[in-house]
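In UniProt numbering, the protein residues as written are 1 to 287.
Think of the CB as a built atom: it goes at the ideal place given N, C-alpha and C, for glycine as much as any other residue.
Just so you know, these numbers come straight off a predicted model, no measurement behind them.
To keep things clear, I will list the structure first and then write my remarks on it.
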């Protein structure tokens with residue numbers, strides 16, 4: 001019997017893929033198998049905040065290139081004390097061109113079986129994984145401009161895209177990100193994002209949105225709204241894309257719900273703020 005772990009903040013269900021991936025899912029990588037789970041050894045773990053850790057797992061061969069499609073995720077699995085398989089999707093955050101390892105950023109949520117299990121792992125322990133499962137193909141210079149709206153751990157697929165696109169040779173795509181969190185302490189991968197902003201200042205703009213700001217906070221406050229989008233993201237037009245990833249209430253408010261009535265999930269009708277700003281379904285992608 002297989003029990004799926006509770007999705008972080010409820011929105012990761014967009015990434016759930018069954019143990020038998022659909023035949024039409026391309027994206028095989030030498031680092032992983034889409035057919036069989038394989039064990040990967042934890043070689044490094046760092047505490048990012050009180051409830052976020054950065055995990056590095058070694059590939060079977062240190063010379064194997066990660067070579068994941070951008071964007072894509074993998075499925076992790078472990079067997080609990082009751083003999084049930086717990087599975088949960090995660091998005092590797094390191095460059096697809098790097099060799100010998102993959103990185104995961106994990107936030108521990110209450111009642112999250114997989115998150116709690118990962119937080120207990122020690123260097124030398126292993127986790128089973130399979131994949132990758134491509135979601136949206138994004139390449140350097142593919143779009144003139146990409147706008148992103150992320151909430152909480154919804155940053156991980158965005159970071160995968162940002163990191164790989166900006167690192168592409170001769171990239172001409174500009175990226176702007178609205179990253180929503182409750183407090184400054186909740187901002188995941190803040191140093192990594194701000195380092196990319198500093199390195200690629202002409203192509204990447206980062207805007208934090210804090211709903212419960214401290215007295216000294218000087219950035220955007222409240223929840224992502226139409227004015228923030230109009231001021232910071234690309235306007236509806238040719239060769240632009242707006243990506244949205246976050247908890248269900250945010251998704252519904254910004255772009256409308258995804259359609260989970262069939263498998264794999266469909267994008268669903270465009271709604272929310274983005275529809276009100278005249279974006280089209282072709283211009284918006286929901287993670």
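Limits of the beta strand (DSSP E) - the one that residue i falls within
{"i": "residue 85", "result": "85-90"}
{"i": "residue 188", "result": "Run containing residue 188: none; DSSP gives neither H nor E here."}
Reduced DSSP category for residue i - H, G, I as helix; E, B as strand; rest coil
{"i": "residue 282", "result": "coil"}
{"i": "residue 208", "result": "strand"}
{"i": "residue 77", "result": "strand"}
{"i": "residue 31", "result": "coil"}
{"i": "residue 273", "result": "helix"}
{"i": "residue 65", "result": "strand"}
{"i": "residue 268", "result": "coil"}
{"i": "residue 166", "result": "helix"}
{"i": "residue 236", "result": "coil"}
{"i": "residue 130", "result": "strand"}
{"i": "residue 155", "result": "helix"}
{"i": "residue 95", "result": "coil"}
{"i": "residue 108", "result": "coil"}
{"i": "residue 215", "result": "coil"}
{"i": "residue 287", "result": "coil"}
Contact check, residue i vs residue j, beta carbons under 9 angstroms
{"i": "residue 284", "j": "residue 250", "result": "no"}
{"i": "residue 196", "j": "residue 207", "result": "no"}
{"i": "residue 308", "j": "residue 75", "result": "Any question about residue 308 goes unanswered here, given that the chain covers just 1 to 287."}
{"i": "residue 149", "j": "residue 42", "result": "no"}
{"i": "residue 67", "j": "residue 143", "result": "no"}
{"i": "residue 243", "j": "residue 158", "result": "yes"}
{"i": "residue 140", "j": "residue 184", "result": "no"}
{"i": "residue 118", "j": "residue 77", "result": "no"}
{"i": "residue 62", "j": "residue 124", "result": "no"}
{"i": "residue 181", "j": "residue 151", "result": "yes"}
{"i": "residue 38", "j": "residue 60", "result": "yes"}
{"i": "residue 287", "j": "residue 154", "result": "yes"}
{"i": "residue 278", "j": "residue 132", "result": "no"}
{"i": "residue 56", "j": "residue 70", "result": "no"}
{"i": "residue 72", "j": "residue 91", "result": "yes"}
Residue interval of the alpha helix (DSSP H) (run including residue i)
{"i": "residue 40", "result": "No alpha helix (DSSP H) holds residue 40; the beta strand (DSSP E) holding it covers 38-49."}
{"i": "residue 222", "result": "No alpha helix (DSSP H) holds residue 222; DSSP gives it neither H nor E."}
{"i": "residue 257", "result": "That residue, residue 257, is in no alpha helix (DSSP H); it is neither H nor E in DSSP."}
{"i": "residue 200", "result": "Counting along the chain, residue 200 falls outside any alpha helix (DSSP H), and DSSP gives it neither H nor E."}
{"i": "residue 116", "result": "113-120"}
DSSP beta-bridge partners of residue i
{"i": "residue 56", "result": "44 and 103"}
{"i": "residue 143", "result": "Residue 143 is not bridged to any residue."}
{"i": "residue 150", "result": "179 and 245"}
{"i": "residue 174", "result": "145"}
{"i": "residue 72", "result": "134"}
Beta carbon proximity, residue i to chain B, threshold 9 angstroms
{"i": "residue 220", "result": "Included in the structure is just one protein chain, with no chain B present."}
Any non-hydrogen atom of the ligand GDP closer than 8 angstroms to residue i Cβ
{"i": "residue 272", "result": "Among the components modelled here there is no ligand, and therefore nothing to report on the ligand GDP."}
Meets three-Cβ-pair contact criterion under 8 angstroms: the region 225-238 and the region 171-179: With a cut-off of 8 angstroms, the region 171-179 and the region 225-238 count as touching, because enough Cβ pairs lie within range.
Segment contact flag, the region 254-263 with the region 155-170, C-beta cutoff 8 angstroms, min 3 pairs: Because the criterion of three Cβ pairs below 8 angstroms is not met, the region 254-263 and the region 155-170 do not touch.
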